[in-house]
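Notes for the one structure printed next.
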Amino acid sequence: HKLPPSIYFRRGAMATAMEDLKDFKRACIVTDKFLFNHTPYVHELIELLKGRNIECQTFYEVQADPTLTTIRKGTDVLDSFVPDLIIAIGGGSPMDAAKMMWVLYE
């Protein structure tokens, strides 16, 4: 497997990322409960994606050092939603979980 083609990591990168996502139709966002429940970032991203007619599903059960059980639950979400795009928001754990989910999904 290969690395994702793009990783956006600095303030203000969302506009560039949105331009790169113009050809996608279904996105699964992978994050943790804290970011989902206590910050605006995930919800702002969902609104941006919907504004581009991209359907969204969010998996926010990633914990620090995600377990294989968590990865499998996330992969089940991918299998049922069938996204053409996976977006990780957060630190290393959501990014690692999203990468592992992607490998199992493909």
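In this text, residue positions in the sequence shown follow my numbering: the first is 112, and each later residue adds one.
In this text, a Cβ means the ideal position worked out from N, Cα and C, and glycines have one as well.
Separation of residue j from residue i, as counted between CA atoms
i: residue 144; j: residue 122; result: 21 Å
i: residue 194; j: residue 138; result: 5 Å
i: residue 192; j: residue 130; result: 23 Å
i: residue 157; j: residue 164; result: 10 Å
i: residue 112; j: residue 207; result: Because the pLDDT at residue 112 is just 49, under 50, the model does not fix this residue reliably, and the value given afterwards should be weighed accordingly. Between residue 112 and residue 207, the C-alpha separation is close to 14 Å.
i: residue 153; j: residue 189; result: 18 Å
For residue j and residue i, believed in contact at Cβ under 8 Å, the rounded distance
i: residue 166; j: residue 136; result: 7 Å
With 16 other Cβ atoms within 10 Å as the buried cut-off, status of residue i
i: residue 178; result: exposed
i: residue 200; result: buried
i: residue 214; result: exposed
Beta-bridge partners of residue i, as assigned by DSSP
i: residue 137; result: 166
i: residue 198; result: 140
Contiguous alpha helix (DSSP H) assignments of at least 4 residues, all confined to the stretch 149-195: Whole alpha helix (DSSP H) segments, 4+ residues: 152-162 and 179-192.
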